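**Student:** The opening residue of the sequence shown carries number 291 in the working numbering; numbering runs sequentially from there.
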Amino acid sequence: MAEIEKKNPSSRRDFLTAGGTALGAGLLFGRTSDALAKRKQLKRGEEIPPWVKFSPNATNPPYPPRQMPKPGEKIHEFDIDVSIQIHEIVPGIKIHGFLYNKTLPGPEIRVPEGEWVKVNFTNRTAEFHTIHWHGIQLANEMDGVPLGTQWPVGRNQTFTYLFRAQPAGTHFYHCHNMTPLHVQAGMFGALIIEEKNNFLKDVFYYERDYTLVLSEIDTNMVEVQMNEMMKSMAAMEKMAESSTMMREMNGRMMGWFRDKRAFLSAIASGYIPPYMPAMTGPAPTANFNFFMINGKSYPMTEEVRIKSGESIRVRLINAGAMPHYMHLHGHDFWHVCEDGAILQSPIKRNTIPVFPGSTADIIIHGTNPGHWHFHDHSDISTTNNGVFPGGMMTMLMYEDAEKLGVNVPDIIAVNS
Ligand SMILES: [Cu+2]
Numbered sequence: 291m292a293e294i295e296k297k298n299p300s301s302r303r304d305f306l307t308a309g310g311t312a313l314g315a316g317l318l319f320g321r322t323s324d325a326l327a328k329r330k331q332l333k334r335g336e337e338i339p340p341w342v343k344f345s346p347n348a349t350n351p352p353y354p355p356r357q358m359p360k361p362g363e364k365i366h367e368f369d370i371d372v373s374i375q376i377h378e379i380v381p382g383i384k385i386h387g388f389l390y391n392k393t394l395p396g397p398e399i400r401v402p403e404g405e406w407v408k409v410n411f412t413n414r415t416a417e418f419h420t421i422h423w424h425g426i427q428l429a430n431e432m433d434g435v436p437l438g439t440q441w442p443v444g445r446n447q448t449f450t451y452l453f454r455a456q457p458a459g460t461h462f463y464h465c466h467n468m469t470p471l472h473v474q475a476g477m478f479g480a481l482i483i484e485e486k487n488n489f490l491k492d493v494f495y496y497e498r499d500y501t502l503v504l505s506e507i508d509t510n511m512v513e514v515q516m517n518e519m520m521k522s523m524a525a526m527e528k529m530a531e532s533s534t535m536m537r538e539m540n541g542r543m544m545g546w547f548r549d550k551r552a553f554l555s556a557i558a559s560g561y562i563p564p565y566m567p568a569m570t571g572p573a574p575t576a577n578f579n580f581f582m583i584n585g586k587s588y589p590m591t592e593e594v595r596i597k598s599g600e601s602i603r604v605r606l607i608n609a610g611a612m613p614h615y616m617h618l619h620g621h622d623f624w625h626v627c628e629d630g631a632i633l634q635s636p637i638k639r640n641t642i643p644v645f646p647g648s649t650a651d652i653i654i655h656g657t658n659p660g661h662w663h664f665h666d667h668s669d670i671s672t673t674n675n676g677v678f679p680g681g682m683m684t685m686l687m688y689e690d691a692e693k694l695g696v697n698v699p700d701i702i703a704v705n706s
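#1: Let me know the beta strand (DSSP E) ranges lying completely inside the stretch 577-651, each 3 residues or longer, listed in chain order.
#2: Between the alpha carbons of residue 370 and residue 410, how many angstroms are there, rounded?
#3: Any contact of the stretch 665-677 with the stretch 625-633, i.e. 3+ C-beta pairs under 8 Å?
#4: Given a cut-off of 8 Å on the beta-carbon distance, is the pair residue 462 and residue 649 in contact?
#5: Quick one: grab the DSSP three-state call for residue 455.
#6: Beta-carbon distances below 6 Å to any heavy atom of ligand 1 define the shell here; list its residues in chain order, please.
#7: Quick check on residue 505: does DSSP put it in helix, strand or coil?
#8: Looking at the structure shown, is residue 663 part of a helix, part of a strand, or coil, going by DSSP?
#9: Comparing the C-beta of residue 345 with each C-beta of chain C, is any distance below 8 Å?
#10: Where residue 376 and residue 476 are concerned, what is the direct C-alpha to C-alpha distance, given to the nearest angstrom?
#11: Within this structure, are the beta carbons of residue 458 and residue 497 separated by less than 8 Å?
#12: Could you work out which residue in 471, 500, 454 and 380 is closest to residue 607 when comparing CA atoms only?
#13: Are the Cβ atoms of residue 455 and residue 523 separated by less than 8 Å?
#14: If I measure Cβ to Cβ from residue 382 and keep anything under 7 Å in the same chain, skipping five residues before and after, which residues do I get?
#15: Measuring alpha carbon to alpha carbon, tell me which of 593, 661, 692 and 612 ends up nearest residue 671.
#16: Would you kindly check if the distance between the Cβ of residue 419 and the Cβ of residue 442 is under 8 Å?
#17: What does the alpha-carbon distance come out to for the pair residue 352 and residue 361?
#18: Taking C-alpha atoms, which residue in 614, 413, 406 and 640 lies nearest to residue 355?
#19: Per DSSP, which one or two residues make a beta bridge with residue 396?
#20: State the Cα-Cα distance for the pair residue 597 and residue 694, rounded to the nearest angstrom.
#21: Could you pull the DSSP bridge partners for residue 384 from this structure?
#22: Could I get the ranges of all uninterrupted alpha helix (DSSP H) runs contained in the stretch 348-377, with 4 residues as the minimum, in chain order?
#23: Run the CB neighbour count on residue 350, radius 10 Å, all protein chains shown included, and call it buried at 16 or more, exposed below.
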């Protein structure tokens, strides 16, 4: 039997404690003063071997994706459910969302490269859901696409996902059913696969490792659509209880058919798909009004903490539908990974674009003490319901700023 490590998180905090290191989870230890000295020093003219050697085969999965666990291989097991919960974005703004393990974002999963991940996913809502493992090279059946690779997971059903953690790097997971609504409503979380050989740590000697998940929401749209959806799901459940036909149709409702031919022949017989205005009226497009880092808008976003001389790794994940351009004041940083993969040549920059579905890792050196803004430079996203300042903004906060003579008014540290 393979060795199974069972994790049964009930909250984000428990999950983090169980899973290891993550944002804000007691990471205030760490050496700092000698970090600069220990960072790998390159001599003038010295090349940077072995940064990443280009290989046309680098996109190949490190392990065959259709393998199953062998005896003795480590399996990390997690229980994740989805339920409707109230989430507060900023004081006074609460939404009803679909939340993985009652948190937004869902719990961070952090596992070593090459080991196994087993997730028992239970749906505690009347709507259908799945989990898609974004960026993971896994067996087709585990990909979490409803009516593509699996039946959608219905109320009180559990589906077990099993895959090997590959490739290494910063990834995420999200629901793939009615994605525009369900992801806005909270169904996403970080999936970090730790490198077997952490080359970045050898070179940069970073200590703390932060995860910032970027997302946005149209609170009005989510409220209206969730209400409508819950009403129609309740009606369908009632019909399903009393009708054989509805039971047979279960899973193929809402315009879903066995294949394209069945869909087209139904249309020829008079079926009107739900996206046609005749059925639903004009479909609203999202008008995003809150922009979040780890589920919170400024000033309730968590700061990124650093000390002079320390290096930190910051993982940016865009789980939303808009591009974001994270800009750090007072520093250049290294852009070292994109979509989990180490760049062949790191890029020195102060603003990093993170596109929907992409992740980017950066290394910040603590070289300029102070309390520095770190925010999306698309100004639309630094508002709460149209009012500045808000949204996708946080601070790079030096813990030793005051000691080092930085004298800024306390008011900047809104969330400290
Ligand atoms: Cu869903």
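By construction, the Cβ of each residue, glycine as well, lies at the ideal position given by its N, Cα and C atoms.
Predicted model, so just to flag it, every value in this text is computed and none were measured.
**Tutor:** Walking through what the data contain:
#1: 580-583, 594-596, 601-608, 614-618, 623-628, 631-639 and 641-644
#2: Counting from one through the sequence shown, the residue named residue 370 turns up at place 80. Counting from one through the sequence shown, the residue named residue 410 turns up at place 120. Going by the C-alpha atoms only, they are around 6 Å apart.
#3: With the cut-off at 8 Å, the stretch 665-677 and the stretch 625-633 do not touch.
#4: Along the sequence shown, read from residue 1 onward, the residue named residue 462 stands at position 172. Along the sequence shown, read from residue 1 onward, the residue named residue 649 stands at position 359. Yes, the pair counts as a contact, with Cβ atoms nearer than the cut-off.
#5: Counting from 1 along the sequence shown, the entry for residue 455 is found at position 165. Residue state, collapsed to three classes: coil.
#6: Qualifying residues come out as 388, 419, 465, 467, 472 and 477.
#7: Walking along the sequence shown from the start, residue 505 turns up at place 215. Looking at residue 505 - three-state DSSP - the assignment turns out to be strand.
#8: Start at 1 with the first residue of the sequence shown, and residue 663 comes out as number 373. It is a strand residue.
#9: Looking at the structure shown, chain C is missing, and only one protein chain is on hand.
#10: In the sequence shown, the residue the question calls residue 376 occupies position 86. In the sequence shown, the residue the question calls residue 476 occupies position 186. Cα-Cα distance, rounded: 11 Å.
#11: Indexing the sequence shown from 1 puts residue 458 at position 168. Indexing the sequence shown from 1 puts residue 497 at position 207. No. Outside cutoff.
#12: Taking the sequence shown and counting its residues from 1, one reaches residue 607 at position 317. Checked all of 471, 500, 454 and 380; the closest Cα to residue 607 is 500.
#13: If you number the sequence shown from 1, residue 455 lands on position 165. If you number the sequence shown from 1, residue 523 lands on position 233. No, the Cβ-Cβ distance between residue 455 and residue 523 is not below 8 Å.
#14: The residue you call residue 382 lines up with position 92 of the sequence shown. So the list is empty, once near-sequence residues are dropped.
#15: Position 381 of the sequence shown, counted from the first residue, corresponds to residue 671. That would be 612, whose Cα lies nearest to the Cα of residue 671.
#16: Taking the sequence shown and counting its residues from 1, one reaches residue 442 at position 152. Taking the sequence shown and counting its residues from 1, one reaches residue 419 at position 129. Yes.
#17: Here the question's residue 352 lines up with position 62 in the sequence shown. Here the question's residue 361 lines up with position 71 in the sequence shown. If you take the alpha carbons of residue 352 and residue 361, they lie about 19 Å apart.
#18: Within the sequence shown, the letter at position 65 stands for residue 355. Here the closest residue by C-alpha is 406.
#19: As a working note, residue 396 is residue 106 in the sequence shown. Answer is 479, bridged to residue 396.
#20: Locating residue 597 in the sequence shown gives position 307, counting from the first residue. Locating residue 694 in the sequence shown gives position 404, counting from the first residue. Distance between the alpha carbons of residue 597 and residue 694: 10 Å.
#21: Taking the first residue of the sequence shown as 1, we reach residue 384 at position 94. The partner list for residue 384 (beta bridge, DSSP) reads 378.
#22: none
#23: Along the sequence shown, one-based indexing puts residue 350 at 60. When all chains shown are included, residue 350 counts as exposed.
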